[in-house]
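S.K.: The listed protein sequences correspond, in order, to chains F, V and D. Here the numbering used here is used: the first sequence runs in plain steps of one and ends on residue 172. Here the numbering used here is used: the second sequence runs in plain steps of one and ends on residue 1233. Here the numbering used here is used: the third sequence runs in plain steps of one and ends on residue 359. Positions of the beta carbon are idealized from the N, C-alpha and C atoms, including for glycine. Below you will find the structure I want to go over with you.
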Amino acid sequence: MSWAKHFLDKIMLLDLFAGLGITFRHLLKKKVTVQYPEERMEPAHRFRGMFRLDEERCIKCTLCARDCPIDIIYIDWHQEVNPETEKKEKLLDRFDIDIQRCMFCGLCEEACPTNPKSIWLTSKTYELATYERWQNLYVDKRELEDWRVRPAYTDEEIV
Amino acid sequence: MVEVDSSNLSGDTLFGVEEMEINFGPQHPATHGVLRLKLKVDGERIVECYPVIGYLHRGTEKLFELHPFFQNVPHTDRLDYVAAATNNLAYVGAVEKLLGLAVPPRASYIRTLLSEMQRISSHLLWLATHAIDIGAMTPFFYTFREREIILDLFEEYCGARLTLNCMRPGGQPYDLPVGWVERCAEFIEGFPEKIDEYEGLLTENRIWKKRTVGIGILAPEVALEYGVTGPMLRGSGIQLDVRKALPYEMYDQMDFDVPVFYNCDTYDRYLVRMEEMRQSVRIVQQCLEELPEGPIMGKRPRVLKAPKEGDVYHAVEAPKGEIGFYLVGNGTPNPHRCRVRPPSFYNIQVLPEMVVGGLIADLIAVIGTTDIVLGEVDR
Amino acid sequence: MVDFFGETLFAYAVVPLVKIIAAIAVVLGLIAYTTLAERKILGFLQVRTGPNRVGPWGLIQPIADVAKLLGKEDVIPNRAVKWAYVLAPCLVVGPALIILSVIPFGPPSSEGPVSSWFITDVNVGLLLVVAIASIGVYGLLLGGWASNNKFSMLGGLRSAAQMISYEVPQGFSLVVPLLMAGTLSLVGIVEAQLAQGRWFIFGFFPFGFLAFFIYFVAGVAESNRNPFDLPEAESELVAGFHTEYSGMRFALFFLGEYANMIVISAVAVTMFLGGWLRPFPNVGWLSFLDLAFLPAGLAGCLWFLVKLLVFLFVYIWFRGTFPRYRFDQLMDLGWKWLLPAALMAVAATGLWKILI
């Protein structure tokens, strides 16, 4: 009697009522809205957010600047003799990142050879809005160190 | 450009036929990006349709030539920004073919897994935008609820939600975090019910059927001539899927079907994509079960230098069609030329074929079913 | 002379004026909160909360919206036809509010027309309703044409065509309860439902249901709501007749759409669902539902309001669930399916009444 069923389907609008039923059931379900800014979703552990630089760990190898796909890391360093230890060491003059262009891809973090890494993006910070455009232009090493962030992961923390 | 002989459009009338030229501009809520269509309409019937693209051109292919192979992976994310993992996979597969790198099996399984999750995510977005263009607003919110979970899983894996940068030539950069496999399995368990929910809202709905059955007919010969691939082709009855035709990664060991429907209209393409989501669920479940232990990055030289003469083309089944990378090496770490074969670029060529003779309201439905992403079309 | 300026003036001029002001105030408030209800309920259907920032549960949101719209710049396009441009929104809101004058919100009282719960009772009330509703089409046409914008005009023409073609099945489906009641007066129709002991939606089964269904679907199309809202959909090429309007004029169009919704629901409640009557009007043991502890007639008013709110919920539910019809399919539906069904319902009801 499939023709009868087909006829009834068409006249009694069963498909439309099924749709109405589905949406009605959702009225009673829990809502998925997150009330930002009172509630905030925490990004994952590996979330690639804003940078943090640790100047002491950095060995000034400039591998990060070389690996950046859009060449936005600018590093200047010079060698100097440290008066206390009587040894030559590198000092960082300039470490600027152009946040306007950065795509937070993480290749600089991957390139960094130190362990734990000296530059990392897992700071879980994504609220980078500023009122003026130039405030995001170059983020220098002082600002990179000032971000209140979490420390980088080391190799043991993976898996 | 397809033209219709406009001398006898409205039959024999006392009034002259006047066509109106409308610019379906780059900024429009229904064009999924910056697509411009120059339409000539007679009343509501479309007489001519001429797509104008290039509003999102960013010089990606030139950018590829300026940096070494492994640094170009983030640029490939931005081609089809909705389905970044398959773009990455195509590029990384091409580089591996050119340089002769071997990929360990665990990395291969992870790549298959990520590709299929990305396919589900991209089809969910397609469903959301297609439905909302036709007027049903609620599937948008339901599909985005599921898509949130997939994006969260991606975030846990590689750190980003949309522009993933999750593959490297030679293997994977990271291994799966603790508990990821369980979370993924939990999501996949509950997902087929959600597909049933979307289908309950749309598939049998008479209004949906009226808007999509018989609209946007694409004959199989025309599709093959234009180089259309993906669900557009499979909705017209041609069984061609790169995963089965030229298997890559672990697809030859996976057990799945490729849905094909024969009516060549919008409704069939909708059915193809819904069924593809279900098949992706099968593949993901198989991957999760069979995931082997082992290293995730194969042996590779410190500097990835291409051979002096060599070119390679590697294609992958992206959610939108076949995406391919043609890489030419010249002995340096940078590619000499990298040409992208974007599926949406070829799919959009058949838009005039499908739309001429229909109404403007059908144009909206057809743009939705073509599932274009302008990032790919314009690169 | 004394008579003219004494009681008669009071009964026939002052009291109706007060009632009109009260009715319009209540309906305007209801419209404003219907916009909020729509956003909240649509949100709930879509597993999200609607507006909830402006007040608890977003209760002050409509006031914020009105304040925003009042503060916008009043733009009249350069070559628009000014008188028509200004008149069009009024012609959309006006008829909807005028129909309110004949709709009975509550029972007539035995002491005469002053303390009845309706503004007036014309004995051709139904005819008045249908006639005035047709004036609403002028507003759309004028608005679309006066904007000096070819897309607006097309949108306006489409809207007007849709409204006119759905008025026919709507009118015919209203004949069915008319046949059941035997009088054109709206108060008389509700009293007939009380006398016959059942709501007309259950009468002459299944033709009461069929007539109600046709009336409701035609009503959804009349007020340009989903699934029939192609003329004003945002993802279409033509944004509709209200493209060029901004600020308070646009608010008036918007208000007119919701006022239309409310008035169509009110007429449906009166004709099919028993107006101010409780669910089973003649079943004795359910008389506690009459809420006799409230002042006379207020209970009827509350029942009316409850039924009206159910209709508004169904409108919003439809919007959240269905895709929209294409314009030619819409016209197909109106002329090829609803009109024959309505004619059939009228013929069958007539035959039933004669033969049985």
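With DSSP collapsed to three states, give me the class of D:S238.
M.R.: Here the model assigns D:S238 a pLDDT of 49, short of 50, so the residue's position is not dependable and the matter cannot be decided.
S.K.: Rank V:L1055, V:P959 and V:A1014 by C-alpha distance to the C-alpha of V:F995 and give the top, closest one.
M.R.: Nearest C-alpha to V:F995: V:L1055.
S.K.: So what's D:D68 in DSSP terms, helix, strand or just coil?
M.R.: Reduced to three states, the DSSP call for D:D68 is helix.
S.K.: Which residues of chain V have a Cβ atom closer than 9 Å to the Cβ of D:R327, listed in chain order?
M.R.: Those within 9 Å of D:R327 in chain V are I988, G989, A990, I1061, R1065 and A1215.
S.K.: In its own chain, which residues sit with a C-beta less than 6 Å from the C-beta of F:S15, not counting the 5 before and 5 after it?
M.R.: Correct list: empty, nothing qualifies.
S.K.: Going along the stretch 16–30 of chain F in order, which residues come within less than 9 Å of chain V, judged by CB to CB distance?
M.R.: Under the 9 Å Cβ criterion, the stretch 16–30 of chain F contributes D22, K23, L26, L27, D28 and L29.
S.K.: For the alpha helix (DSSP H) holding F:A142, just list the boundary residues, first then last.
M.R.: Looking at the DSSP string, F:A142 is not in any alpha helix (DSSP H), and its letter there is neither H nor E.
S.K.: Who are the neighbours of F:L40 on chain D, taking C-beta pairs under 7 Å?
M.R.: Here the neighbours are F47 and L48.
S.K.: Does chain V have any CB closer than 8 Å to the CB of D:F330?
M.R.: Taking Cβ atoms only, chain V reaches closer than 8 Å to D:F330, which makes this a yes.
S.K.: For V:P1074, collect the residues of the same chain with a Cβ closer than 6 Å to its Cβ; drop the 5 residues on either side in sequence, then sort them by chain order.
M.R.: The answer, listed in chain order, is S1090, G1091 and I1092.
S.K.: Applying the 10 Å Cβ sphere with the 16-neighbour rule, what's the burial state of F:I38?
M.R.: Sequence inspection shows Arg at residue 38 of chain F; the Ile mentioned does not correspond to that position. Its Cβ having fewer than 16 others within 10 Å, F:R38 is exposed.
S.K.: Hey, how far is the Cα of D:S238 from the Cα of F:M54?
M.R.: Here the model assigns D:S238 a pLDDT of 49, short of 50, so the residue's position is not dependable, and the following value carries that caveat. D:S238 and F:M54: Cα-Cα distance of roughly 32 Å.
S.K.: My output table needs one value for D:R322: the three-state DSSP class, helix, strand or coil.
M.R.: Three-state result, D:R322: helix.
S.K.: Can you list, in chain order, the residues of its chain with a C-beta nearer than 7 Å to that of V:D931? Leave out the 5 residues immediately preceding and following it.
M.R.: The answer, listed in chain order, is A938, N941, N942, T1017, L1018 and N1019.
S.K.: Which residue from D:A344, D:G250 and D:S226 puts its Cα closest to that of D:F321?
M.R.: Comparing Cα positions, the closest option is D:S226.
S.K.: Any contact of the stretch 1042–1053 of chain V with the stretch 1132–1142 of chain V, i.e. 3+ C-beta pairs under 8 Å?
M.R.: As far as the Cβ criterion goes, the stretch 1042–1053 of chain V touches the stretch 1132–1142 of chain V, which means the pair count is three or higher.
S.K.: Using the three-state DSSP reduction, which class does V:F1179 fall into: helix, strand or coil?
M.R.: In the structure shown, V:F1179 sits in a strand (DSSP, three-state: E or B).
S.K.: In whole angstroms, what is the alpha-carbon distance linking V:E872 and V:E902?
M.R.: Approximately 13 Å, taken between the alpha carbons.
S.K.: Consult DSSP for V:D1109 and reduce its assignment to one of helix, strand or coil.
M.R.: The answer is coil: DSSP assigns V:D1109 none of H, G, I, E or B.
S.K.: Under 9 Å between beta-carbons, which chain V residues line up against D:L233? List them in chain order, please.
M.R.: By Cβ distance, chain V contributes G989 and A1215.
S.K.: Measuring alpha carbon to alpha carbon, tell me which residue in V:S975, V:G1175 and V:G989 is nearest V:E1000.
M.R.: Ranking V:S975, V:G1175 and V:G989 by Cα distance to V:E1000 puts V:S975 first.
S.K.: Please list the residues of the stretch 1006–1032 of chain V that have a C-beta atom closer than 8 Å to any C-beta atom in chain F, keeping them in chain order.
M.R.: Cβ contacts with chain F come from D1006, E1009, E1010, Y1011, C1012, G1013, A1014, T1017, N1019, P1027, Y1028, D1029, L1030, P1031 and V1032.
S.K.: Starting from V:C1020 and walking both ways along the beta strand (DSSP E), at which residues does that stretch end?
M.R.: Premise fails: V:C1020 is in no beta strand (DSSP E) and is neither H nor E.
S.K.: Could you give the C-beta distance for D:A149 and D:A83, rounded to a whole number, given that I count them as a contact under 8 Å?
M.R.: Going by Cβ atoms, the distance from D:A149 to D:A83 rounds to 5 Å, so yes, they are a contact pair.
S.K.: Rounded to the nearest angstrom, what separates V:V895 and D:S268 at their Cα positions?
M.R.: Their Cα atoms are separated by approximately 38 Å.
S.K.: Buried or exposed for V:E1163, going by 16 or more other Cβ atoms inside 10 Å?
M.R.: Exposed, because fewer than 16 other Cβ atoms sit within 10 Å of the Cβ of V:E1163.
S.K.: Quick one, are the C-beta atoms of D:L143 and D:S162 less than 8 Å apart?
M.R.: Yes, the Cβ-Cβ distance between D:L143 and D:S162 is below 8 Å.
S.K.: Residue range of the alpha helix (DSSP H) that V:E1051 falls in?
M.R.: Where V:E1051 is concerned, the enclosing alpha helix (DSSP H) stretches over W1034 to L1056.
S.K.: Which of the residues in the stretch 54–88 of chain F, read from start to end, lie with their CB under 9 Å from any CB of chain D?
M.R.: Here the close residues number zero.
S.K.: Would you kindly report the start and end of the unbroken alpha helix (DSSP H) that includes F:A78?
M.R.: Segment L76 to D80, the alpha helix (DSSP H) holding F:A78.
S.K.: Closer than 8 Å, Cβ to any Cβ of chain V: which residues of the stretch 112–130 of chain F, in chain order?
M.R.: For the stretch 112–130 of chain F, which is checked against every Cβ of chain V, the residues closer than 8 Å are M116, F117, C118, G119, L120 and E123.
S.K.: Under 9 Å Cβ-Cβ, which residues of chain D neighbour F:T36?
M.R.: Going along chain D in sequence order, the residues near F:T36 (Cβ under 9 Å) are L48, Q49, W320, G323 and T324.
S.K.: For D:L157 and D:A221, what's the separation of their Cα atoms in angstroms?
M.R.: Going by the C-alpha atoms only, they are around 22 Å apart.
S.K.: Report yes if the C-beta distance between V:L1238 and V:G1183 is below 8 Å; otherwise report no.
M.R.: This structure cannot speak to residue 1238 of chain V, because chain V is shown only from 855 to 1233.
S.K.: Report the residue from V:V1194, V:T997, V:V1210 and V:H911 whose alpha carbon sits nearest the alpha carbon of V:E1176.
M.R.: Residue V:V1194 is the option with its Cα nearest to V:E1176.
S.K.: According to DSSP, V:G1025 sits in a beta bridge with which residue or residues?
M.R.: DSSP lists V:R1022 and V:M1151 as partners of V:G1025.
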